[in-house]
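Single-structure report; data block below.
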Amino acid sequence: LPVQTPFETDEDNEIEQDIFDINEALGLNLFEGDIKLENERNS
Amino acid sequence: IIGDEYRWPHTIPYVLEDSLEMNAKGLILKAFEQYRLKTCIDFKPWEGERNYISVFKGSGCWSSVGNRQQGRQEISIGQSCDRLATIEHEFLHALGFWHEQSRSDRDDYVTIMRDRIQAGREHNFNKYDDKTSDFLNVPYDYTSVMHYSKTAFMNGTEPTILTNIPAFIDVIGQRMDFSEYDIQKLSRLYNCTSSLSFMETCSFELENVCGMVQSTEDNDDWQRITQVSSGPQDDHTYAGICQETGYFLHFNTSTGNPGDRAVLESRFLYPKRGFQCLQFYYFNSGSEGDQLNILVKEYTEENPNGTLRLVGTIQGSPVGYWELHHVSLNVMSKFRIVFEGVKGSTASNGGFSIDDINLSETACPHHVWHIRNFTHLLNSSPLGLEGKLYSPPFYSPEGYAFEVSIYVNGSTTPFNLAMYVSLISGANDDFLQWPCAWQQVTVVLLDQHPDIRQRMSNVRSVTTDPTYVQESSGEYLWDRPNKVGTNASFPNGTQFMRGPGYGTSAFLTHERLKIRDFIKDDGVFILITTEDISHLISTEQNFTTTQTPHQMTTTDVCAAYGCQNDGICIVVDGKPVCRCPVGVDWWYTGDKCETKGTKENTVIIAVASSLSIFAVMLIITVVTACCIKKKYRKKINAINNLKFQNASAF
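Quick mapping for you: the protein sequence lines, in order, are chains A and B.
Position one of the first sequence corresponds to residue 1 (this note's numbering), numbered consecutively onward.
Position one of the second sequence corresponds to residue 1 (this note's numbering), numbered consecutively onward.
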């Protein structure tokens with residue numbers, strides 16, 4: 001039988017996303033990209 | 001961050017909130033194992049301690065820096081953050097680390113290109129003076145897992161960070177594992193002298209062979225050498241770097257008699273966890289009759305001279321390259337590892353060799369996939385019909401059959417390795433639950449550094465979510481391969497069905513692949529582990545706490561105990577106990593109120609018991625009556641016979 005190409009799901013959508021890219025895409029403006037400062041805490 | 005108030009205790013209490021993705025939960029536990037292996041930091045489920053880390057699925061990946069002494073401190077592991085190095089990165093923040101390029105001395109090592117930074121994001125490139133941040137006398141680390149990548153916050157296509165040593169431009173921003181300097185800094189910050197799970201590493205470079213001893217109860221010895229004419233030509237430690245420099249241990253089977261033995265014993269080792277993984281490289285240039293036995297010599301009070309136990313045997317035809325072997329141990333008491341070489345009866349031109357031994361109290365990988373001639377693959381055009389390499393099939397402990405595929409040249413991005421996991425049809429499919437639920441497949445591209453503590457292996461995990469539906473087909477992705485898969489065949493021609501793949505096109509860039517020791521002896525090793533993580537579905541501990549601004553007191557430590565059927569949990573001697581609900585004619589019993597009883601049940605039991613006793617008594621009475629009747633019948637017959645005999649005589 002001929003080999004068929006199975007469907008593949010790519011978690012990264014062909015882009016190597018770093019931590020900062022992920023947060024950026026979510027519209028987060030955290031300190032240094034991924035640091036939550038104490039005064040940002042929800043009381 | 002400078003300040004003792006920011007330090008955590010060496011064992012950090014944590015909670016994994018139920019909001020986390022299952023794959024993230026499994027990976028967080030793996031990240032903890034890396035901390036246990038390489039640092040003195042350990043983690044334990046929160047039991048009401050004043051401060052603890054709560055990991056949840058928020059928006060994005062983030063953490064605070066240091067222990068903020070606020071009771072519950074959050075780390076968010078959101079969508080796409082479920083990567084081992086990302087989790088290590090966020091926990092390093094929580095342990096007190098800023099980003100590497102914010103060090104006070106960073107301008108000596110990197111140049112920040114201000115005009116390439118997105119507007120409003122300039123503050124991300126601040127640096128701290130040495131009153132706020134301490135680099136603990138550790139050199140600037142381009143390889144840190146805490147460094148930004150060159151593209152961080154760029155407004156176009158040009159990098160925002162240039163390394164002053166150009167060779168490091170593609171090194172910064174690695175998301176593989178802790179660097180050597182990350183470990184050094186963490187160890188200095190927390191005064192680490194040892195780790196929980198590391199036990200021993202030995203590449204035989206020093207003459208003392210790591211304290212290993214040649215046994216006197218054998219008739220041959222292992223030799224510490226740099227080369228064997230029939231192979232190996234190089235040791236494994238410096239393979240591809242330097243010839244005749246590194247040493248390995250060799251057992252020569254080309255001379256001597258069948259049955260000759262050479263026994264090498266490690267120094268005494270003291271286990272803490274009760275399970276270990278021995279990993280070593282092995283080169284066979286002898287004959288298929290030669291045998292390497294791995295034993296443990298356990299010392300207990302009952303057996304102070306040690307008891308030998310065989311834990312593994314390696315035998316086979318010479319293959320002409322270094323192979324990687326793992327042996328799982330489960331030793332609880334003081335022990336030694338014993339390597340016993342035994343010469344076989346068939347002719348040999350060489351012998352076998354061992355190198356780069358690592359022993360740790362961690363779980364061994366389940367499968368090893370060795371891809372040889374890798375440089376050629378990397379440099380060649382896409383391979384075969386699909387440009388992919390498929391691993392041999394392997395089974396999870398639950399019986400699911402899997403396959404891992406690696407696309408050496410990437411799918412559409414030519415500079416990445418791609419990696420996908422697929423279910424394939426297997427021998428147990430009729431007896432398994434479909435869609436396949438919560439099997440976590442962890443794929444490790446091994447950094448073959450001789451010391452396990454300095455490896456920066458690349459790890460990705462895929463977890464089978466039984467509810468995940470493919471958009472294209474509307475079918476469950478992890479359903480039975482016979483149903484959702486396509487035809488495929490093994491190299492030997494055997495047909496099977498391969499389910500859809502799930503993974504990443506950005507497993508590792510070629511640039512990163514070429515650094516470290518991913519490729520050694522022109523081969524790469526891919527370690528695969530499959531675990532059922534369904535026990536992680538519910539990990540949250542709903543401790544009832546009263547919280548003051550800086551103090552948290554535990555009033556209920558038993559919510560996680562899980563009393564069922566509305567049972568009420570109370571704490572007795574520090575342990576949770578369930579008090580079960582009782583009604584007029586029903587009640588619950590059992591440790592967790594899991595069994596229901598009713599009044600009707602009691603009546604039924606009483607009647608059934610009475611009837612049973614009556615039946616048993618009746619049977620006994622009938623049997624007794626029959627026996628007595630039989631006995632008297634025999635006597636009467638005997639008397640009648642006697643009368644008849646007497647009458648005949650007269």
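By construction, the Cβ of each residue, glycine as well, lies at the ideal position given by its N, Cα and C atoms.
Small disclaimer: the values here were computed from a predicted structure and weren't measured.
| query | result |
| --- | --- |
| Cβ-based neighbour list, B/Asn303, same chain, cut-off 7 Å, excluding 5 preceding and 5 following | none |
| Pick from B/Gln433, B/Trp8, B/Leu278 that is closest to B/Val313, judged by C-alpha positions | The question names Val, yet the displayed sequence has Thr at residue 313 of chain B. Comparing Cα positions, the closest option is B/Leu278. |
| Top-ranked residue by Cα proximity to B/Thr255, from B/Asp290, B/Tyr247, B/Phe268, B/Tyr282 | B/Asp290 |
| Option in B/Leu508, B/Leu308, B/Glu288 with minimal Cα separation from B/Gly316 | B/Glu288 |
| Coil, strand or helix - B/Leu242 by DSSP | According to the sequence shown, residue 242 of chain B is Cys rather than Leu. B/Cys242 falls in the coil class under three-state DSSP. |
| Chain A contact for B/Gly173 (CB, 8 Å cutoff) | yes |
| 8 Å Cβ cut-off: residues of chain A touching B/Gly503 | Glu8, Thr9, Asp10, Glu11 |
| Terminal residues of the alpha helix (DSSP H) in which B/Asp141 lies | Taken as a continuous stretch (DSSP letters only), B/Asp141 belongs to no alpha helix (DSSP H), as it is neither H nor E. |
| Within 8 Å, strictly: CB atoms of B/Tyr142 and B/Thr163 | yes |
| Residue range of the alpha helix (DSSP H) that includes B/Leu186 | 180-189 |
| Nearest-angstrom beta carbon gap, B/Asp177 and B/Ser457 [assumed within contact, 8 Å] | 6 Å |
| Candidates B/Tyr502, B/Gly503, B/Gly344, B/His510, of which the one nearest B/Phe415 by Cα | B/His510 |
| Straight-line Cα distance separating B/Ala85 from B/Leu92 | 10 Å |
| Extent of the continuous beta strand (DSSP E) run through B/Met22 | From DSSP, B/Met22 is part of no beta strand (DSSP E) but of the alpha helix (DSSP H) over 22-38. |
| Spatial distance of A/Asp21 from B/Asn155 (CA atoms) | 12 Å |
| Same chain, Cβ closer than 6 Å to B/Cys81, neighbours up to 5 away in sequence not counted | Cys61 |
| Runs of beta strand (DSSP E) lying entirely within the segment 274-331 of chain B, each at least 3 residues, in chain order | 276-284, 291-298, 307-314, 323-329 |
| Cut-off 6 Å between Cβ atoms - residues of its own chain near A/Asn13, not counting five sequence neighbours on either side | none |
| Per DSSP, cross-strand counterpart(s) of B/Met154 | B/Ile117 |
| Proximity below 8 Å, CB of B/Gly26 to CB of B/Ile533 | yes |
| Reduced DSSP category for B/Val421 - H, G, I as helix; E, B as strand; rest coil | strand |
| Cβ-Cβ distance between B/Leu359 and B/Leu295 below 8 Å | no |
| Where B/Cys61 meets chain A, residues with beta-carbon distance less than 8 Å | Ile19, Ile22, Asn23, Asp34 |
| Near-chain A residues of the segment 128-149 of chain B - C-beta to any C-beta below 8 Å | Tyr148, Ser149 |
| Cβ-based burial, B/Cys627 [other Cβ within 10 Å; buried from 16] | exposed |
| Min CB distance B/Ser80 to chain A below 8 Å | yes |
| Inter-residue Cα distance where the pair is B/Glu100 and A/Ile35 | 13 Å |
| CB contact below 8 Å: B/Phe97 versus chain A | no |
| Cβ neighbour criterion (16 or more within 10 Å) applied to B/Arg651 | Residue 651 of chain B is absent from the structure shown; chain B starts at 1 and stops at 650. |
| Interface residues of the segment 106-127 of chain B facing chain A [CB-CB below 7 Å] | Asn124 |
| Span of the alpha helix (DSSP H) around A/Ile22 | 19-25 |
| Segment contact flag, the segment 214-231 of chain B with the segment 183-199 of chain B, C-beta cutoff 8 Å, min 3 pairs | no |
| Minimum Cβ-Cβ distance from B/Tyr420 to chain A less than 8 Å | yes |
| For B/Glu33 and B/Phe43, the rounded distance between their alpha carbons | 9 Å |
| Coil, strand or helix - B/Ala262 by DSSP | strand |
| Nearest-angstrom Cβ-Cβ length linking B/Ile354 and B/Tyr282, presumed shorter than 8 Å | 6 Å |
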